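Note sheet for the following structure.
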Amino acid sequence: MSSQFLVQVINRHRMTVDGKGVTTLVGLFGCPLKCKLCINKNVLSENKFRRMTPEMLWNELSIDYCYYLASGGGITFGGGESLLHAGAIIEFVKILPTGVSVNLETSLNAPISDKLFLETVDSVLETGGELIIDIKSLDKDIYKSYTGLDNGKVLRRLEMLLENGYQDKCQIRVPVIPEVKDMSIAEKEATSIEKMGFNNIDLFYYIIRDYMIEK
Ligand code: SF4
Numbered sequence: 004m005s006s007q008f009l010v011q012v013i014n015r016h017r018m019t020v021d022g023k024g025v026t027t028l029v030g031l032f033g034c035p036l037k038c039k040l041c042i043n044k045n046v047l048s049e050n051k052f053r054r055m056t057p058e059m060l061w062n063e064l065s066i067d068y069c070y071y072l073a074s075g076g077g078i079t080f081g082g083g084e085s086l087l088h089a090g091a092i093i094e095f096v097k098i099l100p101t102g103v104s105v106n107l108e109t110s111l112n113a114p115i116s117d118k119l120f121l122e123t124v125d126s127v128l129e130t131g132g133e134l135i136i137d138i139k140s141l142d143k144d145i146y147k148s149y150t151g152l153d154n155g156k157v158l159r160r161l162e163m164l165l166e167n168g169y170q171d172k173c174q175i176r177v178p179v180i181p182e183v184k185d186m187s188i189a190e191k192e193a194t195s196i197e198k199m200g201f202n203n204i205d206l207f208y209y210i211i212r213d214y215m216i217e218k
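Numbered according to our numbering, the sequence shown spans residues 4 to 218.
The structure is reproduced here in structure tokens:
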């Protein structure tokens, strides 16, 4: 697994939208899913990304170190799929000074081993960060037809998070997806996730610009 990031976008000074305190969102290139209504198309273009080592990235982000310290904030890796960059994330955490938390936005469905998955999760949660997990759908048929992949890995990794006692460090996002999954399905899924043992659940609507324009 490469220890270089492919960075599409860096968004500074975000407040409480993707992690505690002041955060910087680092949008990483690549995604294994093929969602029919992709809400992050801008991170899938191969023409734009910058290759950055963990050291190069921290050199750029450290300008906001005092904001992270003062607010209890830090850095959120999103995408695309942040876990495609698992090796670089582990190396990045190693060089961080104390007081900077690292959060991951993920679908959990990255093609990495469960061992590397858990190693990455351990390393970011040790910083005081959290996982922000978009489950798309618990229903295997909806998931498959919407993303092109099976959700077996997602379900297994949710169980792994529970087995490791990480449920309080996970926000589970359950989307309502236009013409794919309505609120009544999303609410049932949220209840199932709560019964599994997660307590921080966010029901939300996908807002997809192209879809809105086409409609
Ligand atoms: S997971 Fe996100 S980036 Fe990947 S295809 Fe789906 S919406 Fe797009």
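Ideal Cβ placement from N, Cα and C applies to all residues, glycine included.
From a predicted model like this one, the values you see are computed outputs, not experimental measurements.
Residue 104: first and last residue of the uninterrupted alpha helix (DSSP H) it sits in: As a working mapping, residue 104 is identified with position 101 in the sequence shown. Counting along the chain, residue 104 falls outside any alpha helix (DSSP H), though it belongs to the beta strand (DSSP E) covering 104-109.
Measuring from each Cβ to the nearest heavy atom of ligand 1, keep the ones under 7 Å and list them in chain order. 34, 36, 37, 38, 41, 42, 43, 44, 46, 47, 82, 83, 84, 110, 137, 150
Below 8 Å between beta carbons: does that hold for residue 11 and residue 55? Residue mapping note: residue 11 aligns to position 8 of the sequence shown, counting from 1. Residue mapping note: residue 55 aligns to position 52 of the sequence shown, counting from 1. No. Outside cutoff.
If distances are taken between C-alpha atoms only, which option among 193, 163, 172, 124 comes closest to residue 142? The residue you call residue 142 lines up with position 139 of the sequence shown. It is 193.
For residue 214, collect the residues of the same chain with a Cβ closer than 7 Å to its Cβ; drop the 5 residues on either side in sequence, then sort them by chain order. Working through the sequence shown from its first residue, we reach residue 214 at position 211. Residue confidence is low: residue 214 scores 45 on pLDDT, short of 50, so the model does not pin down where it sits. Its coordinate-derived value is still stated next. Closer than 7 Å at the Cβ level, and outside the excluded window around residue 214, lie 40, 181.
Where residue 23 sits in the DSSP three-state scheme: Along the sequence shown, one-based indexing puts residue 23 at 20. Residue 23 falls in the coil class under three-state DSSP.
Do the CB positions of residue 31 and residue 81 come within less than 8 Å of each other? Taking the sequence shown and counting its residues from 1, the one referred to as residue 31 is at position 28. Taking the sequence shown and counting its residues from 1, the one referred to as residue 81 is at position 78. In contact: residue 31 and residue 81 (Cβ atoms closer than 8 Å).
Does residue 84 pass the burial test, meaning 16 or more other C-beta atoms within 10 Å, or should it be called exposed? The sequence position of residue 84 within the sequence shown is 81, counting from 1. When all chains shown are included, residue 84 counts as buried.
Rank 184, 203, 153, 187 by C-alpha distance to the C-alpha of residue 170 and give the top, closest one. Numbered from 1 along the sequence shown, position 167 holds the residue referred to as residue 170. Per the Cα distances, 203.
Run the CB neighbour count on residue 88, radius 10 Å, all protein chains shown included, and call it buried at 16 or more, exposed below. Walking along the sequence shown from the start, residue 88 turns up at place 85. It is buried - the Cβ of residue 88 has at least 16 other Cβ atoms within 10 Å.
I'd like the span of the alpha helix (DSSP H) that includes residue 155, first residue to last. On the sequence shown, position 152 is the one that residue 155 refers to. Looking at the DSSP string, the run of the alpha helix (DSSP H) that includes residue 155 is 155-166.
Counted within 10 angstroms of its Cβ, other Cβ atoms place residue 155 as buried (16 or more) or exposed: For the purposes of this step, residue 155 is taken as residue 152 along the sequence shown, with counting starting at 1. It counts as exposed.
In this structure, does DSSP put residue 146 in helix, strand or coil? Mapped onto the sequence shown, residue 146 falls at position 143. Correct three-state label for residue 146: helix.
Residues of its chain near residue 70, where Cβ-Cβ distance is below 6 Å and the 5 sequence neighbours each way are ignored: Stepping through the sequence shown from its first residue, residue 70 is reached at position 67. 25, listed in sequence order.
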